[in-house]
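K.L.:
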Amino acid sequence: MSLNLYNTLTRSKDVFTPLRPDRVTVYVCGPTVYNHAHIGNARPAVVFDVLVRLLRTRHDRVIFARNVTDVDDKINAAAKATGQPISAITEKYATIYRSDMAALGVAAPDVEPHATAHIPQIIALIERLIASGHAYTAEGHVLFNVPAFAAYGKLSGRDRDDMIAGARVDVAPYKKDPADFVLWKPSTDDLPGWPSPWGRGRPGWHIECSAMIATHLGETIDIHGGGNDLIFPHHENELAQSACAHHGAPLAGVWMHNGFLTMDKEKMSKSLGNIVTVHELLTRAPGEAIRWALLSAHYRQPLDWSDDVLAQAKRTLDRFYLALDQVKGITATPTNAPNAMIAALDDDLNTPKAAAEIAALVKALNGATTDAEKARLKGEVLAAGKLLGILQQEPSQWLTAAAPDTNVDAGEIERLIAARIAARKAKDFKEADRIRDQIAAMGVVIEDRADGTRWRLAS
RNA sequence: GGCCGAGUGGCAGAGUGGUGAUGCAGCGGACUGCAAAUCCGUGUACGUCGGUUCAAUUCCGGCCUCGGCCUCCA
484 MSLNLYNTLT RSKDVFTPLR PDRVTVYVCG PTVYNHAHIG NARPAVVFDV LVRLLRTRHD
544 RVIFARNVTD VDDKINAAAK ATGQPISAIT EKYATIYRSD MAALGVAAPD VEPHATAHIP
604 QIIALIERLI ASGHAYTAEG HVLFNVPAFA AYGKLSGRDR DDMIAGARVD VAPYKKDPAD
664 FVLWKPSTDD LPGWPSPWGR GRPGWHIECS AMIATHLGET IDIHGGGNDL IFPHHENELA
724 QSACAHHGAP LAGVWMHNGF LTMDKEKMSK SLGNIVTVHE LLTRAPGEAI RWALLSAHYR
784 QPLDWSDDVL AQAKRTLDRF YLALDQVKGI TATPTNAPNA MIAALDDDLN TPKAAAEIAA
844 LVKALNGATT DAEKARLKGE VLAAGKLLGI LQQEPSQWLT AAAPDTNVDA GEIERLIAAR
904 IAARKAKDFK EADRIRDQIA AMGVVIEDRA DGTRWRLAS
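Just so it is clear: in the first sequence, position 33 is 516 by the working numbering, and no numbers are missing.
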């Protein structure tokens, strides 16, 4: 069994082989922190979290970096609009991002580099590019000279002639080539800036990732990930800069890109306004349900986000947790995730297939008759869930408190249940049913089981 | 216009050259005082037109529709 990953660069699923036997390096483009992350922004975080979990089952040392871009024109605009200092904006939203992602079960990255903490490295990288003839200065800017890198366009599959033909109209006059892009640009006094050999200025969009990758992970990393829309120009430019600064060493072996979330089939984007923030979703659904909804489609496929998708994910988890609740008195046999689960994820992170495998395990668990069987299957369900970042809560916790903003009074429910039990004992089923209806009206479902009456929140 | 991706049963969503995805919903049954949960059973599904093949949802080509990136226009 080996891990196969779809590589945007080769446009095929390839067997993943680490570049070095002693470690695996992964870098994912993180947020630009100028406002709340929307659920589409959460998709790569969750997807690559699963990838890292899978890698860690095989490799002792996985170094996972996810950056925070804290210098950007949108941040400057947000600061200006709110009258706050830039650092207040970036710190606030970086903190919110971290807690939102944690709520989705996304483990903190091993390294979380900030662009503004790497200005010297960025400047050094740009100097190397100038020295090697891949970049030049013009009117206070430093630009990367695209014709100096023959392989430019390979990642995004773009024909350079077409790009130039299209770019001809509004190309900045100081560019040597229309496709050239900015590495460093001058800052006015009211904008963030750092002293540099080219005057006070700030980095261009793509260079910070190249610098941070080189600083923390090395010249060539194993896996570079991000959203589909980063392929061009962001990753194409990163790839070019890094290769040219490092004597042609490729930036990454595997390039992975997740597909988009849509709302009514249209790309979710802040400019269109058709967004729902993770922050808001967390007030009305458990993070685990949001996570499972994001994993319900294969990561490269589009996923049309809706309340229904979320509700279905919640219900699926209810079913899993109900099964675990049935065997809460049985100690799970510790084990690794079943082979079928691993095989599903090994196939380019096929999480829907993995979901089917969990469903099969849960069905087997529900049908198990001996304690030994139950212990074994419970262990397998828990191990499978761990790999996907789900099912690690106490089942009773999930079933009775899963929705954050419900205000069900557990004491009141218990009291009503006791009254109903008394009515049933007295064979007063009419009264028992009346009480059950009363409980149902509170959004609570009850079950009479061999070992007593249980309740949970309705889906 | 260039490039990329997608069109699967009521819904979500995998996958495959010839047998079952899976989940939700529905229907029937078992269980239950009745339910719920669970289990069992249950569905002429693969945009369209051609081609290759003994056999295509799966391969090839055309077309249609939708989405994305870039670009153009405004």
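All C-beta atoms in this analysis are idealised placements derived from N, C-alpha and C, irrespective of residue type, glycine included.
Can you check the segment 867–933 for any alpha helix (DSSP H) of at least 4 residues that lies completely inside it and give the ranges in chain order?
P.N.:
878–884, 893–908 and 912–924
K.L.:
Applying the criterion that 16 or more other CB atoms from any shown protein chain within 10 Å of the CB defines a buried residue, is L700 buried or exposed?
P.N.:
buried
K.L.:
Within 10 angstroms of its Cβ, does P835 collect 16 or more other Cβ (buried), or is it exposed?
P.N.:
Counting Cβ neighbours within 10 Å, P835 comes out exposed, since fewer than 16 surround it.
K.L.:
Run through the DSSP bridge pairs and tell me what N487 is partnered with.
P.N.:
V498 and D830
K.L.:
Between the segment 797–810 and the segment 862–880, can you find at least three pairs of beta-carbon atoms closer than 8 Å?
P.N.:
yes
K.L.:
Use the C-beta contact count for E622: other C-beta atoms within 10 angstroms, 16 or more gives buried, fewer gives exposed.
P.N.:
exposed
K.L.:
May I have the straight-line CA-CA distance separating F531 from A607, to the nearest angstrom?
P.N.:
When rounded, the distance between both Cα atoms is 30 Å.
K.L.:
Quick one: what's A618 bridged to in DSSP?
P.N.:
F627
K.L.:
Look at the Cβ atom of G708, then the Cβ atom of P596, and state whether they are nearer than 8 Å.
P.N.:
The criterion of a C-beta distance shorter than 8 Å is not satisfied by G708 and P596.
K.L.:
Would the beta-carbon of I558 fall within 8 Å of that of I546?
P.N.:
no
K.L.:
Does DSSP put P603 in a helix, in a strand, or in coil?
P.N.:
helix
K.L.:
Give the straight-line distance between the Cα atoms of T500 and N487, rounded to the nearest whole angstrom.
P.N.:
9 Å
K.L.:
Taking the alpha-carbon of A586 as reference, which of P785, W775, F912 and P821 has the nearest alpha-carbon?
P.N.:
W775
K.L.:
Tell me which residues share the same chain as P828 and place their Cβ nearer than 6 Å to its Cβ, disregarding the 5 neighbours each side in the sequence.
P.N.:
This sequence places Leu at residue 828; Pro is not what is there. Excluding residues within five positions, the ones whose Cβ falls inside 6 Å are L537 and A837.
K.L.:
Are the Cβ atoms of N819 and A851 separated by less than 8 Å?
P.N.:
no
K.L.:
Residues in its own chain within less than 6 Å of H729 by CB, not counting five upstream and five downstream?
P.N.:
E702
K.L.:
Return the CA-CA distance between M695 and D747, expressed in angstroms with no decimal places.
P.N.:
37 Å
K.L.:
Please confirm whether A858 and A815 have their CB atoms less than 8 Å apart.
P.N.:
yes
K.L.:
Do A621 and the ligand ATP come close, with the Cβ less than 7 Å from some heavy atom?
P.N.:
In the structure shown, the ligand ATP is absent, as is every other ligand, since no ligand is present at all.
K.L.:
Please classify G649: does DSSP put it in a helix, a strand, or coil?
P.N.:
For G649, the predicted structure reports a pLDDT of 46, less than 50, and the residue's modelled location is therefore unreliable. A value from the coordinates is still provided. Helix at G649.
K.L.:
For S754, does the count of other Cβ atoms within 10 angstroms reach 16, so buried, or fall short, so exposed?
P.N.:
exposed
K.L.:
In angstroms with no decimal places, state the Cα-to-Cα distance between N524 and K913.
P.N.:
51 Å
K.L.:
Looking at C-alpha atoms only, which residue of A561, R685 and G636 is the closest neighbour of I714?
P.N.:
G636
K.L.:
Could you pull out every residue in the same chain whose Cβ sits closer than 7 Å to the Cβ of G872, ignoring the five residues on either side in sequence?
P.N.:
D532, V533, R536, G588 and R774
K.L.:
Which first and last residues belong to the alpha helix (DSSP H) in which R683 is found?
P.N.:
In the DSSP annotation of this structure, R683 is not part of any alpha helix (DSSP H), being labelled neither H nor E.
K.L.:
Out of I841, A772 and L800, state which residue places its alpha-carbon closest to the alpha-carbon of S789.
P.N.:
It is A772.
K.L.:
Assuming L940 and Q921 form a contact by the criterion Cβ under 8 Å, report the distance between their Cβ atoms to the nearest whole angstrom.
P.N.:
Not quite, the Cβ-Cβ distance comes to about 16 Å (not below 8 Å), so this is no contact.
K.L.:
Buried or exposed for P680, going by 16 or more other Cβ atoms inside 10 Å?
P.N.:
exposed
K.L.:
Is it true that the CB of V516 sits closer than 8 Å to the CB of D553?
P.N.:
yes
K.L.:
For A561, which residues of its own chain have a beta-carbon under 7 Å away from its beta-carbon, when the five flanking residues on both sides are left out?
P.N.:
Closer than 7 Å at the Cβ level, and outside the excluded window around A561, lie Y517, N518 and I572.
K.L.:
Ordered along the chain, which non-local residues of its own chain (more than five positions away) have a Cβ less than 6 Å from that of G710?
P.N.:
P527 and N741
K.L.:
Quick check on the burial criterion: 16 or more other C-beta atoms within 10 angstroms. Buried or exposed for Q982?
P.N.:
Residue numbering for the chain in the displayed model covers 484 to 942; residue 982 lies beyond these limits and cannot be assessed.
K.L.:
Is I706 helix, strand or coil when you go by DSSP?
P.N.:
strand
K.L.:
Confirm, please, whether the CB-CB distance from A631 to C727 is below 8 Å.
P.N.:
yes
K.L.:
Do the CB positions of T491 and W677 come within less than 8 Å of each other?
P.N.:
no
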